[in-house]
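*Asks:* Can you read through this structure? Questions will come right after.
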Amino acid sequence: MTVTIYTQSSCSSSRKAIKWLKENEINFTEKRITSQPLTLAEFKNILRMTEDGTDEIIATNSNDFKNLNIDIEQLSIQDLYNLIQQYPRMLRSPILLDEKRIQVGYNEMDIRRFIPRKVRAYELNAMQQIAAQG
Numbered sequence: 026m027t028v029t030i031y032t033q034s035s036c037s038s039s040r041k042a043i044k045w046l047k048e049n050e051i052n053f054t055e056k057r058i059t060s061q062p063l064t065l066a067e068f069k070n071i072l073r074m075t076e077d078g079t080d081e082i083i084a085t086n087s088n089d090f091k092n093l094n095i096d097i098e099q100l101s102i103q104d105l106y107n108l109i110q111q112y113p114r115m116l117r118s119p120i121l122l123d124e125k126r127i128q129v130g131y132n133e134m135d136i137r138r139f140i141p142r143k144v145r146a147y148e149l150n151a152m153q154q155i156a157a158q159g
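Residues 26 to 159, numbered by my numbering, are exactly what the sequence shown covers, in order.
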């Protein structure tokens, strides 16, 4: 299973996520959305995987978003996609996803969901054995 990570240049959270994926030997493909715009299919897939829709992926504190002074709820998917094509920094970064999971932003605990379940179970068992010995 390969993770796709959508990043932005000059984003420390994106760099942390990539470093974590490498350290944990997780296969990933990076797509830098500031130089390789999202396709409509990619955008729809990201939206489909979110729990909170646009609230989860739009960086409302970004300068681009603030300067546009728009109500995203009033836009069609196509119009929002077109805006993101023009202003990719409106998206939060990084966005990591595989076939089953999505994570928006970098969180050291939440990113562990991309470690295969067998590995997580093994690590938990090892920690429990250490705790029982101590």
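Every residue, glycine too, gets a C-beta built ideally from N, C-alpha and C. All of these numbers come straight from a predicted model, not from anything done at the bench.
(1) Decide yes or no for the touch test of the stretch 92-108 against the stretch 124-136: beta carbon pairs closer than 8 Å, at least 3 of them.
(2) Kindly give me the distance between the Cβ atoms of Ile-71 and Ile-83, rounded to whole angstroms, as I take these residues to be in contact under 8 Å.
(3) Exposed or buried, Ser-39, counting other C-beta atoms within 10 Å across all chains shown (16 or more means buried)?
(4) Thinking C-beta only, is Thr-59 closer than 8 Å to Ser-87?
(5) Between the stretch 41-51 and the stretch 65-79, can you find at least three pairs of beta-carbon atoms closer than 8 Å?
(6) Please identify the residue among Leu-63, Ile-97, Met-26 whose C-alpha is closest to the C-alpha of Thr-32.
(7) Measuring only the C-alpha atoms, how far is Val-28 from Val-129?
*Replies:* Quick look at the numbers:
(1) No, the stretch 92-108 does not touch the stretch 124-136.
(2) Wrong, their Cβ atoms sit about 11 Å apart, outside the cutoff.
(3) So Ser-39 ends up on the buried side.
(4) In this structure, Ser-87 lies away from Thr-59, with their beta-carbon atoms at least 8 Å apart.
(5) Contact between the stretch 65-79 and the stretch 41-51 is absent, because fewer than three Cβ pairs lie under 8 Å.
(6) Just measuring C-alpha positions, the residue of Leu-63, Ile-97, Met-26 sitting nearest Thr-32 is Leu-63.
(7) Approximately 13 Å, taken between the alpha carbons.
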